[in-house]
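Going by our numbering, the residue at position 44 of the sequence shown is 43; the numbering climbs one at a time, nothing skipped. Even for Gly, the Cβ is constructed at its ideal location relative to N, Cα and C. For clarity, every value in this text was computed on a predicted model and none was experimentally measured.
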Amino acid sequence: MAMSLPHQIGAISGAPLAGDSGCVSGEAPSSATVSAVWRSPAASNLRVSAMAESDRISPSPPLSPRLGGVRPDLSVAAQALMSPATEAIEDREYVAGGAPQAKDRKGVPVFVMMPLDSVTWNHTVNRKKAMNASLQALKSAGVEGIMMDVWWGLVEGEKPGEYNWGGYVELLEMAKKHGLKVQAVMSFHQCGGNVGDSCTIPLPKWVVEEIDKDPDLAYTDQWGRRNYEYLSLGCDTLPCLKGRTPVQCYSDFMRSFRDTFDHLLGDTIVEIQVGMGPAGELRYPSYPEANGTWKFPGIGAFQCYDKYMLSSLKAAAEAYGKPEWGHTGPTDAGEYNNWPEDTNFFKKEGGGWNSQYGEFFLTWYSELLIAHGERIVQSAKNIFENKGIKISVKVAGIHWHYGTRSHAPELTAGYYNTRFRDGYLPIAQMLARHGAVFNFTCIEMRDHEQPQDAQCLPEKLVQQVARATQQAGVRLAGENALPRYDETAHEQILQASSLNVEGGAGAGQEMCAFTYLRMNPDLFQPENWRKFVAFVKKMGEGKDAHKCWEQVEREAEHFVHVTQPLVQEAAVALMH
0 MAMSLPHQIG
10 AISGAPLAGD
20 SGCVSGEAPS
30 SATVSAVWRS
40 PAASNLRVSA
50 MAESDRISPS
60 PPLSPRLGGV
70 RPDLSVAAQA
80 LMSPATEAIE
90 DREYVAGGAP
100 QAKDRKGVPV
110 FVMMPLDSVT
120 WNHTVNRKKA
130 MNASLQALKS
140 AGVEGIMMDV
150 WWGLVEGEKP
160 GEYNWGGYVE
170 LLEMAKKHGL
180 KVQAVMSFHQ
190 CGGNVGDSCT
200 IPLPKWVVEE
210 IDKDPDLAYT
220 DQWGRRNYEY
230 LSLGCDTLPC
240 LKGRTPVQCY
250 SDFMRSFRDT
260 FDHLLGDTIV
270 EIQVGMGPAG
280 ELRYPSYPEA
290 NGTWKFPGIG
300 AFQCYDKYML
310 SSLKAAAEAY
320 GKPEWGHTGP
330 TDAGEYNNWP
340 EDTNFFKKEG
350 GGWNSQYGEF
360 FLTWYSELLI
370 AHGERIVQSA
380 KNIFENKGIK
390 ISVKVAGIHW
400 HYGTRSHAPE
410 LTAGYYNTRF
420 RDGYLPIAQM
430 LARHGAVFNF
440 TCIEMRDHEQ
450 PQDAQCLPEK
460 LVQQVARATQ
470 QAGVRLAGEN
480 ALPRYDETAH
490 EQILQASSLN
500 VEGGAGAGQE
510 MCAFTYLRMN
520 PDLFQPENWR
530 KFVAFVKKMG
540 EGKDAHKCWE
550 QVEREAEHFV
560 HVTQPLVQEA
570 AVALMH
C-alpha cells in the first residue's frame, strides 16, 4: 500500500519506516537502493602530516610574524491557505543580480533547504515518494521555492569532465511540477565535518587523488593538518587537476549545469549560489569540527601554511619591504580552542593583530579570500549571463567573540573585521561589482540566547552586515544557521529581514529572500508545522503590512486544521 503523505514526509529522516526501502545505517547499499547516510571515506577529513609544531610565541621584533499525483485533501488545504499575500508571492519574478520584481512587490519570499542527501550515489532522487509529498506540502504552505546542493563529488565524481546529472534532472523536474522555484548551490566542497552535516560526500575521487599526490593542494594549519573540505585558494590558477586549474574545473562544472538545465533557467531555477569554501561559504576552514579539532566558541586557526599560500605570503612581504615577515603566519595566535585573551596575537592590549605586522598579514590573508571569491563569481556571472537568474555568495555568521576588540574567529576565517575596521564592506563591494547577492547566516539568533562570556553578538553582527550591503548597494539575503522551529526565532527572522538598520541607508528595503534550514521530519510535526505556516505568511506580508498578525495566525490555523489528520498519521508512523 502506498505511504500516506505524512509517512512519506517522515521517511526523509533516513530512519527505516514501513514501506521505506532505504538502507539502514551500517548496512551495505544494494544495487537497487542506496543508504541515505553516506559513509565517511577511509581517510580522515583532517589529515595530519609529520610537520613539526611551531613555537607558540613568535620571535621579536616584531611580536607576531610567526511525488506521483496531487492528493485531493492537500489541494483543499492549499486552497484554504491561499490569500492575497500568498498570491502576491506567486506573481514575483527573479531577475539577475537583483531582488524579486513584482507589480506590487512586498514581503520576503521563503525558500526551504532540501536534505543534503536528496540525490543518491546511484544518481536518483532519494526517497522519491517522501520528497514528492514534501514538496507538495511546502508549495501548499506558500513557500516560494527550495534550495538544493548540487554536489561536485556526485556529478563529476569518477572522471574529470564527465558529468552525471541524473538525480538532479529528476529533482528539478519535480520542483517544476509543483511550481517551486529553485536556488541551486554549486557545492564544490565536501559534505561532512560541519554543523548539521548528516552525510558524507567527499570531493571528486580524482581530485582527492591529486591532493594525496600533492598535499599542499589542501588548506593547511601551522601544525600541518591538511583539510580536505575544499581546495586551497593558493592553487586557484595552477593547472594541478589533470591539466586544469581549480577555477577552470568550477567553471566547466557550472557551464555543464547551464547547458543541461538551460530550459529551466530563469523560470524554475532562479538563483545560482556559488560555493567558495567549506560549507559552501566564502571563508577559510578555520574552525573544523571533524575529529574534535575545534569546538564552539574557540577562535580557530589561520589556514595559510600550504606551500602555495606561503609562496604568496613571501612575495607580499618582499613587496612590502619586510621580507622577514614572509616565512610564516603568526605563530602566537594560539590554538583552535583558545580564547582571544589566551594569545599574544589576539589579546586586547598590545595584541599583534593591532600592530604593523598584524595589519600587513591580515590584509594579505583577507584580500586573498576576496580575490578568490571574485575570480569565481566573475566566472559564474559570465556563464549565466542573460539567463534571468541571480548569482549569490554565502558568507558565514561568525558571531562568537564579536564583542572583543580583535574579533579573532572572524580574522582566522578570513574576514578582516575588528573593532576598528569593517571587514564586510570589502566583500559587499566585490559582490556589488558583479551584481551578486550577499547571503548571510545566523539571522535567527538573538544576543541574549548566546554564551555571554564568549561575547556572542549575532544581532549586532547582522546589523553590521546589513549596513555594509546597503553602503555597497548590494542586495542581502538570509538563512538561519541552526534548525529552529520556535516563534521566538521566527520573530527574530521577521525583524532582521525587514532591514530596519540603525545608521543604514536602506529605507523601504527588505531582504531579497530568506532560506529556511531545513526540510526534515521535525518541520512537519504538528506544532512546528503550524508555526512554520504562520511564519511563511508573515514573511509574505512585508514589513509595511497593516494586516493583523492574529488574522494571519488564524488563517494558518485553518490550514493546519485541514491537514491535521495527515500530520498525526506521520507522528504515528515515525514511532514505529
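Does the distance from the C-beta atom of residue 272 to that of residue 378 stay below 8 Å? Within the sequence shown, numbered from 1, the residue matching residue 272 stands at position 273. Within the sequence shown, numbered from 1, the residue matching residue 378 stands at position 379. No, they are not a contact pair.
What number of angstroms, rounded off, separates the C-alpha of residue 141 from the C-alpha of residue 266? Looking up residue 141 in the sequence shown gives position 142. Looking up residue 266 in the sequence shown gives position 267. One C-alpha to the other measures close to 17 Å.
For the ligand NAP, is there a heavy atom less than 7 Å away from the beta-carbon of residue 246? Ligands in the displayed structure: none, and consequently the ligand NAP is not present.
Start-to-end residues for the beta strand (DSSP E) that takes in residue 110: One-based indexing of the sequence shown puts residue 110 at position 111. Element bounds for residue 110: 109-112.
Beta-carbon separation of residue 576 and residue 337 under 8 Å? Outside the displayed span of the chain (0 to 575) sits residue 576, for which this structure offers no information.
Given 8 Å, three or more beta-carbon pairs between the region 297-307 and the region 324-335: yes
Would the beta-carbon of residue 401 fall within 8 Å of that of residue 454? Position 402 of the sequence shown, counting from 1, holds the residue named residue 401. Position 455 of the sequence shown, counting from 1, holds the residue named residue 454. Yes, they are a contact pair.
With residue 438 as the anchor, note down where its beta strand (DSSP E) starts and where it stops. Counting from 1 along the sequence shown, the entry for residue 438 is found at position 439. It spans 436-439 - the beta strand (DSSP E) in which residue 438 sits, taken as one unbroken run.
Going by DSSP, name the residue or residues bridged to residue 391. Position 392 of the sequence shown, counted from the start, is the residue given in the question as residue 391. In the DSSP output, where bridge partners are listed per residue, residue 391 has 272, 436.
Closest Cα partner of residue 170 within the set 136, 128, 476: In the sequence shown, the residue the question calls residue 170 occupies position 171. Among 136, 128, 476, the Cα nearest to that of residue 170 is on 128.
Report all residues from its chain with a CB closer than 8 Å to the CB of residue 310; omit the five preceding and five following residues, and keep chain order. Translated into the one-based positions of the sequence shown, residue 310 becomes position 311. Closer than 8 Å at the Cβ level, and outside the excluded window around residue 310, lie 233.
Compare the C-alpha of residue 370 against each of 432, 406, 346 and name the closest. Working through the sequence shown from its first residue, we reach residue 370 at position 371. Distances from the alpha-carbon of residue 370 to those of 432, 406, 346 put 432 closest.
Compare the beta carbon distance of residue 398 and residue 475 with 8 Å and say whether it is the shorter of the two. Walking along the sequence shown from the start, residue 398 turns up at place 399. Walking along the sequence shown from the start, residue 475 turns up at place 476. Cβ atoms of residue 398 and residue 475: not closer than 8 Å.
Can you tell me which of the three DSSP states residue 420 falls into? On the sequence shown, position 421 is the one that residue 420 refers to. In this structure, residue 420 counts as strand in the three-state DSSP scheme.
Find the nearest neighbour of residue 334 within the set 308, 136, 285, 552, judged by alpha-carbon distance. Residue mapping note: residue 334 aligns to position 335 of the sequence shown, counting from 1. Answer by Cα proximity: 285.
Report back the beta-carbon spacing between residue 148 and residue 207 to the nearest angstrom; my notes put them in contact at under 8 Å. Along the sequence shown, read from residue 1 onward, the residue named residue 148 stands at position 149. Along the sequence shown, read from residue 1 onward, the residue named residue 207 stands at position 208. The Cβ separation is near 18 Å, so there is no contact.
With respect to the alpha helix (DSSP H) encompassing residue 535, which residues constitute its N-terminal and C-terminal limits? Within the sequence shown, residue 535 is the residue found at index 536, counting from 1. Residues 525-540.
Give the secondary structure of residue 338 by DSSP, where H, G and I count as helix, E and B as strand, and everything else as coil. The residue you call residue 338 lines up with position 339 of the sequence shown. Coil, per DSSP.
Opening and closing residue of the alpha helix (DSSP H) in which residue 120 lies: Residue numbering aside, residue 120 sits at position 121 when the sequence shown is read from its first letter. Segment: none, residue 120 is in no alpha helix (DSSP H) and carries neither H nor E.
Assign residue 52 to buried or exposed, taking buried as 16 or more other Cβ atoms, counted over all protein chains shown, within 10 Å of its Cβ. On the sequence shown, position 53 is the one that residue 52 refers to. Because the pLDDT of residue 52 is 33, which lies under 50, any placement of that residue in the model is unreliable, and the number read from its coordinates should be weighed accordingly. Its Cβ having fewer than 16 others within 10 Å, residue 52 is exposed.
What's the C-alpha gap between residue 513 and residue 277? As a position in the sequence shown, residue 513 is number 514, starting the count at 1. As a position in the sequence shown, residue 277 is number 278, starting the count at 1. So the two alpha carbons sit approximately 21 Å from each other.
Based on the DSSP output, what are the partners of residue 229 in its beta bridges? If you number the sequence shown from 1, residue 229 lands on position 230. None, per the DSSP bridge assignment.
Could you have a look at residue 411 and say whether DSSP puts it in helix, strand or coil? In the sequence shown, residue 411 corresponds to position 412, counting from 1. In the structure shown, residue 411 sits in a helix (DSSP, three-state: H, G or I).
Measure the Cβ-Cβ separation of residue 443 and residue 479 and say whether it is below 8 Å. Numbered from 1 along the sequence shown, position 444 holds the residue referred to as residue 443. Numbered from 1 along the sequence shown, position 480 holds the residue referred to as residue 479. Taking 8 Å as the Cβ cut-off, residue 443 and residue 479 qualify as a contacting pair.
For residue 576, the residue or residues it bridges with in DSSP: It is not possible to answer for residue 576, since the shown part of the chain is limited to 0 through 575.
Considering only DSSP beta bridges, list what residue 280 is partnered with. On the sequence shown, position 281 is the one that residue 280 refers to. Residue 280 pairs with 393.
At which residues does the alpha helix (DSSP H) containing residue 628 begin and terminate? Outside the shown range of the chain (0 to 575) lies residue 628, about which nothing can therefore be said.
If contact is defined by three or more beta carbon pairs under 8 Å, each pair taking one atom from either stretch, is the region 344-353 in contact with the region 402-420? yes
In this structure, what does DSSP give as the bridge partners for residue 150? Residue numbering aside, residue 150 sits at position 151 when the sequence shown is read from its first letter. Answer is 186, bridged to residue 150.
Delimiting residues of the beta strand (DSSP E) encompassing residue 481: Here residue 481 refers to the residue found at position 482 when the sequence shown is read from its first residue. Run containing residue 481: none; DSSP gives neither H nor E here.
Candidates 536, 430, 203, of which the one nearest residue 553 by Cα: Position 554 of the sequence shown, counted from the first residue, corresponds to residue 553. The closest CA to that of residue 553, considering only 536, 430, 203, is found on 536.
On the DSSP bridge assignment, give the partners of residue 124 in chain order. Indexing the sequence shown from 1 puts residue 124 at position 125. In DSSP, residue 124 forms a bridge with 118.
Kindly indicate which three-state DSSP category residue 301 falls into: helix, strand or coil? Translated into positions along the sequence shown, residue 301 becomes position 302. DSSP places residue 301 in coil when its eight states are reduced to three.
Mapping DSSP to helix, strand and coil, what is residue 513? Translated into positions along the sequence shown, residue 513 becomes position 514. DSSP places residue 513 in strand when its eight states are reduced to three.
Using only the alpha-carbon positions, how far apart do residue 363 and residue 374 sit? In the sequence shown, residue 363 corresponds to position 364, counting from 1. In the sequence shown, residue 374 corresponds to position 375, counting from 1. Computed Cα separation, rounded: 16 Å.
Per DSSP, residue 200 is paired with what? Within the sequence shown, the letter at position 201 stands for residue 200. According to DSSP, which records beta bridges pairwise, residue 200 is partnered with 190.
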